[in-house]
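Student:
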Amino acid sequence: MLESIRWHGAASFAILNDVHIYINPRRIVRPERPADIILISSSSYDCCSASDIDKLRGEQTRLFVSPSAQALVEGGTMLRAWQSATTDRACIKAVPIYRADGAANDSGDVGFVISTRQHDVYYAGKTEALPDSASVRPDIIILPIGAEGGMSSAAASAALRQMRPRWVIPYGWQGVGRAGRAEAQEFADTLDPAQQAIILDPNP
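Mapping of the sequence shown onto my numbering: residues 30 to 233, in sequence order.
Put into structure tokens, the structure is as follows:
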């Protein structure tokens, strides 16, 4: 499963195995086959790109969008926090995002829990806290790390000890003015020994 996850920079990821799932596609090359599922977690420019969505869409593509992005994307199915939808090869559940103080973020953005035959993947979205960590138990979590729209290493590590994912994929550490990969490695060093940080390089 891990080898099928691609990071396209910023908040954009793809899971490419028997089902092709794109999360917030951005600046991507048109693939050989259309996406099976496209997920849009936010209305922000780095998450909601109509031109990239068009590159990926085919007749059978299912598009699920956050409430904040609904008006910006034609033909998408809106998922509010805790709503779910099932396709023939995956179940998608929208989950809320939070401010650093643990209060719900009312922006209309969401994260997603993606359940396939192989694993449960939790894409946390632009959250600054994970107060639901005790109730969500994914195999893999993808979460933002850093001062600009992400979680602090201490807050993330504490939540992950409750959530107990096997693999943790941090992103957001390549932003301007950051220590880059060293920042991601510092975060990895704070994790429980039973957890493994997967530090991806962005794919073009």
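From the three backbone atoms N, C-alpha and C, an ideal C-beta is built for every residue, glycine too.
Look at the Cβ atom of Ala123, then the Cβ atom of Ala158, and state whether they are nearer than 9 Å.
Tutor: Against a cut-off of 9 Å, the Cβ pair of Ala158 and Ala123 comes out as no contact.
Student: If you reduce the DSSP assignment to three classes, tell me which class Leu108 lands in.
Tutor: Here Leu108 sits in coil by DSSP.
Student: Taking the beta carbon of Gly206 as the centre, do at least 16 other beta carbons fall within 10 Å, making it buried, or is it exposed?
Tutor: Per-residue confidence for Gly206 stands at a pLDDT of 43, beneath the threshold of 50, marking its modelled position as unreliable; the derived number appears in the next sentence. Exposed, by the Cβ-count rule.
Student: What does the alpha-carbon distance come out to for the pair Arg55 and Ala187?
Tutor: Cα to Cα, Arg55 sits roughly 31 Å from Ala187.
Student: State the Cα-Cα distance for the pair Ile121 and Ser144, rounded to the nearest angstrom.
Tutor: Each residue's Cα considered, the two are about 6 Å apart.
Student: Can you tell me which residues form a DSSP beta bridge with Met10?
Tutor: Any property of residue 10 remains undetermined from this structure, which presents the chain solely from 30 to 233.
Student: Helix, strand or coil for Leu172 per DSSP?
Tutor: Three-state DSSP puts Leu172 in a strand.
Student: For Lys155, which of helix, strand or coil comes out of DSSP?
Tutor: Three-state result, Lys155: coil.
Student: So, at 8 Å on beta carbons, what are the nonlocal neighbours of Arg109 in its own chain, with the 5 sequence-adjacent residues on each side left out?
Tutor: Pro96, Ala123 and Val139, listed in sequence order.
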